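Asker: Heads up, the sequence shown is in the numbering used here, so the first residue is 6 and it goes up one at a time.
Cβ atoms here follow ideal geometry from the backbone N, Cα and C, with glycine treated the same way.
Note that this is a predicted model, so its numbers are computed, not measured.
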Amino acid sequence: MTKHKNNILILAIESSCDDTSAAVMVDGRVRSNEVATQEMHRAFGGVVPELASRVHQEHITLVVDVALRHAGVQAKDLTAIAFTRGPGLMGSLLVGISFAKGLSIGLGIPLIGVNHMEAHVLAHFIDEPKPEFPFLCLTVSGGHTEIILVNSPLEMIRLGKTLDDAAGEAFDKTGKMLGLEYPAGPIIDQLAQKGEPRFSFPKPRIDGLDFSFSGLKTSILYFLRDRVNENPEFIEENLTDICTSVQETITDILIEKLVQASEKTGIREIAIAGGVSANRTLREKVTGASAKYGWNNYIPRLEYCTDNAAMIAMAGHFKYLAGRFTSLDAVPDVRLGIPG
Ligand code: KG4
Ligand code: ZN
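1. So which of Glu63, Ser282, Phe130, Asp70 has the shortest CA-CA distance to Ser97?
2. Work out the CA separation of Leu341 and Gly165 for me, nearest whole Å.
3. Using only Cβ atoms and a threshold of 5 Å, which residues come within that distance of a heavy atom of ligand 1? Order them by chain position.
4. Can you check the segment 211-256 for any alpha helix (DSSP H) of at least 4 residues that lies completely inside it and give the ranges in chain order?
5. Using a Cβ-Cβ cutoff of less than 7 Å, which residues in the same chain neighbour Ala105 once the five nearest sequence positions on both sides are dropped?
6. Pull up the distance between the alpha-carbon of Ile152 and that of Met95, whole angstroms please.
7. So what's Glu137 in DSSP terms, helix, strand or just coil?
8. Out of curiosity, what's the CA-to-CA distance linking Ile343 and Arg203?
9. To test your reading of the DSSP string, which unbroken alpha helix (DSSP H) runs of 4 or more residues are found completely within the segment 44-76?
10. Quick check on the DSSP output: the alpha helix (DSSP H) that includes Thr42 runs from which residue to which?
11. Pick out whichever of Pro237, Ser332, Gly77 has its Cα sitting closest to the Cα of Gly107.
12. Does the segment 314-334 touch the segment 155-171, meaning 3 or more C-beta pairs lie closer than 8 Å?
13. Helix, strand or coil for Gly113? Go by DSSP, reduced to three states.
14. Is it the case that the Cβ atoms of Gly148 and Pro209 are separated by a distance below 9 Å?
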């Protein structure tokens with residue numbers, strides 16, 4: 006591309022868990038977004054941190070190179086490097102931060118450390134329509150389940166969080182009990198489309214806007230144990246109906262709190278973000294609630310729901326405009342979150 010002096014060209018790197026991703030953003034628009042997914046964790050039924058870190062090291066140079074080439078951008082033209090500082094796995098984050106620092110020193114351009122959870126929320130500013138401030142964002146991933154009040158791109162307050170498991174974990178752990186591969190969320194989603202919600206599971210009674218999924222996990226475990234004792238083929242014979250029933254329960258829990266948050270704050274600009282926002286039933290329920298409660302809803306494109314560097318670039322762009330840079334002695338922050 007022809008570079009003008011005032012173009013803001015950001016290269017972003019995401020390596021918080023098991024996806025190595027790099028994206029190029031020019032003046033707030035995504036030019037490329039490459040993701041190398043680590044398939045080998047499937048065999049272990051979950052992410053193996055040490056393995057994830059090593060595979061990030063193998064992937065990162067190629068992923069960054071392809072992102073630059075697809076964007077038609079040369080490294081020497083970059084304005085800044087954004088990277089995920091946390092939350093995430095220490096070994097995985099270290100690969101991204103070290104690579105970003107190396108490029109920053111080599112190219113003599115600033116570093117921008119990004120909060121992965123803020124980036125999931127800011128994925129809404131990649132495409133149109135964009136939410137108006139203030140808005141509420143239900144951020145649901147493998148590690149987090151939160152309701153965030155977003156006052157501006159860089160001013161967020163957490164109104165509710167999970168007290169134990171995240172919604173994605175509830176999907177993944179159910180999948181493990183059903184003998185499905187990791188991550189089970191997308192597989193359950195697929196199977197659930199063909200079933201009926203014939204089984205019911207108790208929903209937690211938690212005050213305020215916090216969530217809990219550990220009770221549901223235990224009740225699914227006991228339900229399956231009892232039914233399999235009666236009929237060893239129970240899971241195979243009822244797989245789609247079990248998936249539909251579990252998916253109905255998890256998404257009901259999420260939607261009920263989102264409705265409460267909207268009523269409590271009076272905000273009707275409603276967004277969802279994170280890996281679980283790819284879930285079809287959740288998307289349908291958000292659309293249904295929007296018609297019922299007069300919400301404007303915002304649901305990102307699938308590729309911007311699960312972990313990706315385009316959302317890190319978007320957050321990096323806002324931080325660049327605000328002059329919020331990160332020093333070269335920055336370290337990963339595995340517990341970084343949104344203040345509550
Ligand atoms: O945001 P993400 O890609 O990574 C984290 O930061 O955790 O979220 C991954 C989570 C996994 O638990 C995965 O099972 C879940 O998102 N997930 C889904 C779907 N797609 C991904 N859960 C339910 N339905 C889906 N379609
Ligand atoms: Zn994530």
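Answerer: Working from what's here:
1. As a working mapping, residue 97 is identified with position 92 in the sequence shown. The option with the nearest alpha carbon to Ser97 is Glu63.
2. Locating residue 165 in the sequence shown gives position 160, counting from the first residue. Locating residue 341 in the sequence shown gives position 336, counting from the first residue. One C-alpha to the other measures close to 16 Å.
3. Ser146, Gly147, Gly148, Gly173, Phe176, Asp177, Pro188, Gly190, Pro191, Asp194, Gly279, Gly280, Val281, Ala283, Asn284, Thr311, Asp312
4. 219-235
5. Numbered from its first residue, the sequence shown carries residue 105 at position 100. Answer for Ala105: Ile18, Ile86, Phe88, Leu116, listed in chain order.
6. In the sequence shown, residue 152 corresponds to position 147, counting from 1. In the sequence shown, residue 95 corresponds to position 90, counting from 1. Rounded to the nearest angstrom, the two C-alpha atoms are 25 Å apart.
7. Along the sequence shown, read from residue 1 onward, the residue named residue 137 stands at position 132. Here Glu137 sits in coil by DSSP.
8. In the sequence shown, counting from the first residue as 1, residue 343 sits at position 338. In the sequence shown, counting from the first residue as 1, residue 203 sits at position 198. Taken atom to atom, the span from the alpha-carbon of Ile343 to that of Arg203 is near 38 Å.
9. Every alpha helix (DSSP H) of 4 residues or more that sits fully in the segment 44-76 is shown, in chain order, as 54-76.
10. In the sequence shown, the residue the question calls residue 42 occupies position 37. Premise fails: Thr42 lies in the beta strand (DSSP E), 34-42, not in any alpha helix (DSSP H).
11. Here the question's residue 107 lines up with position 102 in the sequence shown. When each option's Cα is compared against that of Gly107, the closest is Ser332.
12. The segment 155-171 is in contact with the segment 314-334.
13. Within the sequence shown, residue 113 is the residue found at index 108, counting from 1. Three-state DSSP puts Gly113 in coil, outside helix and strand.
14. Counting from one through the sequence shown, the residue named residue 148 turns up at place 143. Counting from one through the sequence shown, the residue named residue 209 turns up at place 204. No; because the gap between Cβ atoms is not below 9 Å, this pair is not in contact.
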